[in-house]
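Reading through the structure tokens given below for one structure.
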Amino acid sequence: MNDNELKKRIRQASNIKLPEEARDRTRAILERYIEMMPIQKALATEYSPSFFAFFASLRRPVVLASIATVVLLGGGTAYAAENTLPGDILYPVKIHINEEVRGTLATSAKSRGEWAIARAERRLAEATALAQASRLSDETNGEVQSRLKEHIAEARAQAKRMESGRDAEGSAEVTARLTAILSAHESVLLEASTGITDTNSREQILSVLSGVRASISSGDHGARADAALSAKAKSNREEVHGAGESSRAAGERSAADGAQVATSKLAGQDEREGDVSEAALRVRAEAARRRIEIATEDILRLLPEIPEEKRSLVDARLAAARSAFDKALRERAEGSAKESLMLYTEAFRLAVEARALAQVHSRESNEANTNEISPNMENGGSIKIESADDSSVIDVRDKDRDAIENTVERILR
Amino acid sequence: MGNSSENKDMRESFLAAYDEYANAIYRFALLKTSHPETAEDILQDTFTKTWDYCTGGKEVREWKQFLFRVAYNLIVDYYRKKKATSLDALEEEGFYATDPNPGLNAEEMAEVQRVRKAINELPDLYRDIILLRYTEGLGPKEIAEIVGLAENTVSVRIHRGMDRLRKIYEPVRPDSKTERNAYE
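In order, the protein sequence lines correspond to chains E and D.
With this note's numbering applied, the first sequence covers 59 to 471.
With this note's numbering applied, the second sequence covers 29 to 212.
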């Protein structure tokens, strides 16, 4: 083959195109980014160098967050909106500005998945708070549930994306965390429903509860369907962790099974190529060890904030993770590589769940202590959004998402 | 005035650069990392970092070179954190199937695959430079600026890299082996 032919073959061998969808998505992100980060040249003459040195020393997401929350809305409005509930005047600011802006900072599939889970948690916390204040109506319930479904679907889509991008560990982590969060909130909703005497609110919260259960169940089925595609992973499905399970609520069990299927795919990925390699075992062992360490540190830190009655749940999950890890070490020493791999994977999942449970229950306790329902602003309330060269007053009560976004866009320009 | 019209001009030329070079940067990142999602992240980071540079009032004259330099540095960072897999991994995942080389017959396709494997076996030292030279069509001077080497070194590596590639691609025939050994 002569030189020219070889050069031609090199071009053909590396002929790859950026998928259209990814190309458009990245372009949209960049368009938003450059709007948030205008050229500073003119400003530079107005501020001292130390002002910019400070910002330059910050990481880009921090700069973005500062711009988004401080410049666009003024810290007060954005902050006030954070504590609102569906039906409050500032609630659209929370949903369409604060959360959307935070969403643009999540650039990887994993961070997008985690942010979607965080948003799902916010909706669940809002539903609980509304029901406890007898404010959960058909309308607000519908709003919360429809957003909740979107966030859950987004988290699952990102997990799937990670899986297809060969990040099985990240995918399993997001899936396990989502199921753990949903199951933890399931018990929170159940408890809240027992304390509510108002029939309508009780019915509404039970409807949220059944929505959560349906989501857990659909995730379970979806994951099972996926797992069926992999014959190797399929065999792992029958593994059900025994000790400490009996006390768990039925929904939690179902959620855990869903997560188990997802993590079994993680193990399955290593097995696909045949025998479990020593390298695969090392990677999985390290991932599980790291996850247990992180979970232990976080749980110890959060322990004082976790209600007494929930601590045993968290402890049991972490103990099960450690026990699976120890068993994995024993199996490995005895030469059962496949069993060892499955147990490392199980340890990984249990550690993620333990940490998520601790986080949910500590937040729940904090909210119970400090978070009161934010009062509805009086009718006719309005928000003032200011920028250096423009000032706008919009009546949020009558405005939808488009109106808010248009105003912000105008200010940005 | 100044600032808003300047902002608009810069915005337009920045987005035009994205439209023109997004594919090349993604391809380079993907060939280096073998991980579509990482390649997409590198693409995004390349452009946000470039915009950060522009916002300081600095001008980018040669977009292609500049973008490749940023992308190359990001890839080096990525390598420091995690060793990438291989071009074979992309093939196993059927990634090339989304963009086949149309019009090639089975024999030519097999040749392309052999070249792909040969590129994969090249040491990084040569691989990056060969890809920048023949896939992206950059000259030795431009490559030298991107990878931070002297132009002369780049030219030598292109030459040696092609020799290596040829050796990997065209296995030594039994009848020429003794002759070749005599030279080595």
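We treat Cβ as the ideally placed atom computed from N, Cα and C, and that holds for glycine.
Closer than 8 angstroms, CB to CB, is residue i near chain D or not?
i, result
"E/Gln-216", "no"
"E/Ala-320", "Below a pLDDT of 50, predicted positions are generally treated as unreliable, and E/Ala-320, at 47, falls in that range; the measurement from the model is reported next regardless. Output row for E/Ala-320: interface = no."
"E/Ser-474", "Past the edges of chain E, shown from 59 to 471, lies residue 474 of chain E, and the structure says nothing about it."
"E/Ala-250", "no"
"E/Ser-229", "no"
"E/Arg-67", "yes"
"E/Ser-72", "yes"
"E/Thr-165", "yes"
"E/Ala-174", "no"
"E/Thr-233", "no"
"E/Leu-76", "yes"
"E/Leu-339", "no"
"E/Asn-60", "no"
"E/Arg-342", "no"
"E/Leu-64", "yes"
"E/Phe-112", "Low confidence applies to E/Phe-112: its pLDDT is 36, below 50, so where it sits in the model is not reliable, and the reading given next is rough at best. Not one chain D Cβ lies under 8 angstroms of E/Phe-112."
"E/Arg-219", "yes"
"E/Asp-225", "yes"
Does any C-beta atom of chain E lie closer than 8 angstroms to the C-beta of residue i?
i, result
"D/Thr-163", "yes"
"D/Trp-79", "yes"
"D/Ala-112", "Here the model assigns D/Ala-112 a pLDDT of 45, short of 50, so the residue's position is not dependable and the matter cannot be decided."
"D/Ser-89", "According to the sequence displayed, residue 89 of chain D carries Arg and not Ser. Taking Cβ atoms only, chain E never reaches closer than 8 angstroms to D/Arg-89, which makes this a no."
"D/Tyr-54", "yes"
"D/Ala-99", "no"
"D/Phe-96", "no"
"D/Arg-39", "yes"
"D/Arg-192", "no"
"D/Tyr-106", "no"
"D/Thr-76", "yes"
"D/Thr-50", "One detail in the question is off: residue 50 of chain D reads as Ala in this sequence, not Thr. At least one chain E Cβ lies under 8 angstroms of D/Ala-50."
"D/Ala-125", "Because the pLDDT of D/Ala-125 is 39, which lies under 50, any placement of that residue in the model is unreliable, and the number read from its coordinates should be weighed accordingly. Judged by the 8 angstroms Cβ criterion, D/Ala-125 is not in contact with chain E."
"D/Ile-196", "no"
Smallest Cα separation from residue i: which of the options?
i, options, result
"E/His-419", "E/Leu-194, E/Leu-361 and E/Leu-339", "E/Leu-361"
"D/Ile-70", "D/Glu-170, D/Tyr-106 and D/Glu-48", "D/Tyr-106"
"E/Glu-366", "E/Lys-66, E/Ala-416, E/Ala-338 and E/Ala-382", "E/Ala-416"
"D/Val-143", "E/Arg-369, E/Glu-63, E/Ala-386 and E/Ser-335", "E/Glu-63"
"E/Arg-69", "D/Ala-52, D/Asn-101, D/Glu-65 and D/Asp-47", "D/Ala-52"
"E/Ile-92", "D/Arg-161, D/Ala-67, D/Thr-76 and D/Glu-65", "D/Thr-76"
"E/Ser-192", "E/Ala-226, E/Ala-250 and E/Ser-259", "E/Ser-259"
"D/Arg-39", "D/Ala-57, D/Tyr-162 and D/Val-88", "D/Val-88"
"E/Pro-144", "E/Asn-199, E/Arg-90 and E/Ile-175", "E/Asn-199"
"E/Arg-349", "E/Thr-403, E/Ala-217, E/Gln-190 and E/Arg-67", "E/Thr-403"
"E/Asp-256", "E/Leu-376, E/Ser-195, E/Ser-275 and E/Ser-273", "E/Ser-195"
"D/Asp-156", "D/Ala-50, D/Phe-56 and D/Glu-139", "D/Phe-56"
"D/Pro-151", "D/Glu-139, D/Leu-132 and D/Gly-189", "D/Gly-189"
"D/Tyr-54", "E/Ile-87, E/Ser-72, E/Ala-86 and E/Glu-89", "E/Ser-72"
"D/His-187", "D/Gln-141, D/Leu-177 and D/Pro-168", "D/Pro-168"
"E/Ala-187", "E/Glu-157, E/Thr-142 and E/Ala-379", "E/Thr-142"
"D/Leu-159", "D/Tyr-100, D/Ala-50 and D/Gly-85", "D/Tyr-100"
Is it the case that the CB of residue i approaches a heavy atom of the ligand MG more closely than 7 angstroms?
i, result
"E/Ile-68", "Questions concerning the ligand MG fall outside what the structure shown contains, since it holds no ligand whatsoever."
Chain-ordered residues of the segment 58-74 of chain D with a beta carbon less than 8 angstroms from chain E: Leu-58, Leu-59, His-63, Pro-64, Glu-65, Thr-66, Glu-68, Asp-69, Leu-71, Gln-72 and Asp-73
Given 8 angstroms, three or more beta-carbon pairs between the segment 233-245 of chain E and the segment 75-85 of chain D: no
At least 3 beta-carbon pairs within less than 8 angstroms: the segment 215-234 of chain E vs the segment 243-250 of chain E: no
Chain E contacts made by the segment 134-145 of chain D, where a contact means CB separation under 7 angstroms: Glu-139, Val-140, Val-143 and Arg-144
Segment contact, 8 angstroms Cβ cut-off, at least three pairs: the segment 160-170 of chain E with the segment 145-152 of chain E: no
Contact residues within the segment 146-160 of chain D, judged by C-beta distance below 8 angstroms to chain E: Ile-147, Ile-158 and Leu-159
Members of the segment 150-162 of chain E that neighbour chain D once the beta carbon cut-off is set at 9 angstroms: none
contact_flag[the segment 131-149 of chain D, the segment 41-48 of chain D] where n(CB pairs < 8 angstroms) is 3 or more: no
Stretch pair the segment 399-417 of chain E + the segment 351-361 of chain E: three plus CB contacts closer than 8 angstroms: yes
Cβ pair count under 8 angstroms reaching 3, the segment 174-192 of chain E against the segment 261-279 of chain E: yes
The segment 60-69 of chain D contacting the segment 171-183 of chain D, beta-carbon criterion three pairs below 8 angstroms: no
Residues from the segment 78-97 of chain E in contact with chain D, defined by Cβ distance under 9 angstroms: Ala-80, Arg-81, Arg-83, Thr-84, Arg-85, Ile-87, Leu-88, Glu-89, Tyr-91, Ile-92, Glu-93, Met-95, Pro-96 and Ile-97
The segment 346-372 of chain E: positions lying closer than 8 angstroms to chain D by Cβ: none
Contacting positions in the segment 397-426 of chain E - beta carbon closer than 7 angstroms to chain D: none
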